[in-house]
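Trainee: Here it is, the structure, as structure tokens.
Residue numbers (full-length UniProt numbering): 1 to 160.
Structure representation (structure tokens):
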């Protein structure tokens with residue numbers, strides 16, 4: 001874990017102020033882990049730069065475990081970014097009922113970007129919400145299962 005002084009000196013993290021140093025954001029429990037997974041997965045789907053800052057902001061807003069929120073952003077990495085955004089674009093096209101954009105010399109770069117942007121953002125938003133919700137549920141259920149298994153094992157050890 002980075003030291004508090006390192007976090008204070010980091011140029012990009014200064015915008016979060018002293019709130020970033022609150023120990024509650026650095027302690028993992030069932031709620032903070034589930035929120036962190038949801039925040040990180042949501043931020044990973046956004047077609048914007050600086051996913052990590054978005055995940056940190058969401059984790060701070062919802063009291064999530066910061067290291068896990070940051071780690072979950074890395075679902076979106078150089079190997080996965082193209083397939084993720086292509087799938088989001090295709091989903092957006094289907095949801096909006098639009099035909100695939102034919103890139104040609106007749107369209108300017110701005111027109112092509114606008115034609116691709118709406119389906120991409122639509123698909124990304126839907127997938128961000130769905131993966132955040134699914135990540136939250138799976139984390140909560142997994143945590144509960146782990147605790148129940150520990151109780152069961154403890155109970156079995158006590159029986160003669």
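The beta carbon of each residue, even a glycine, is placed where N, CA and C say it ideally should be.
1. Does the segment 51-71 touch the segment 153-160, meaning 3 or more C-beta pairs lie closer than 8 angstroms?
2. What residue from 153, 33, 48 has the CA that sits closest to residue 72's CA?
3. Rounding to the nearest angstrom, what Cα-Cα distance links residue 35 and residue 133 in this structure?
4. On a Cα-Cα basis, can you pick out the residue from 102, 46, 19, 49 that is closest to residue 66?
5. For residue 108, count neighbouring Cβ atoms within 10 angstroms of its own Cβ and tell me buried if that reaches 16, exposed if not.
6. Here's the rule: buried if 16 or more other CB atoms are within 10 angstroms of the residue's CB, otherwise exposed. What is residue 17?
7. At what residues does the alpha helix (DSSP H) containing residue 131 begin and finish?
8. Give me the residue from 95, 46, 100, 139 with the minimum Cα distance to residue 74.
9. What residue does the alpha helix (DSSP H) around residue 62 start on, and which one ends it?
10. What does the Cβ neighbour count give for residue 122, buried or exposed, with the cut at 16 atoms within 10 Å?
11. Among 59, 118, 135, 95, which one has its Cα closest to the Cα of residue 26?
12. Taking all protein chains shown into account, decide if residue 136 is buried (16 or more other Cβ within 10 angstroms of its Cβ) or exposed.
13. Could you spell out where the alpha helix (DSSP H) holding residue 86 opens and where it closes?
14. Is the beta carbon of residue 119 closer than 9 angstroms to that of residue 93?
Mentor: So, to answer that:
1. no
2. 33
3. 10 angstroms
4. Residue 66 has its Cα closest to that of 19, out of 102, 46, 19, 49.
5. exposed
6. exposed
7. 109-158
8. 46
9. 51-62
10. buried
11. Of the listed residues, the one whose Cα sits closest to residue 26 is 59.
12. buried
13. Judged by DSSP secondary structure, residue 86 falls within the alpha helix (DSSP H) whose first and last residues are 81-96.
14. yes
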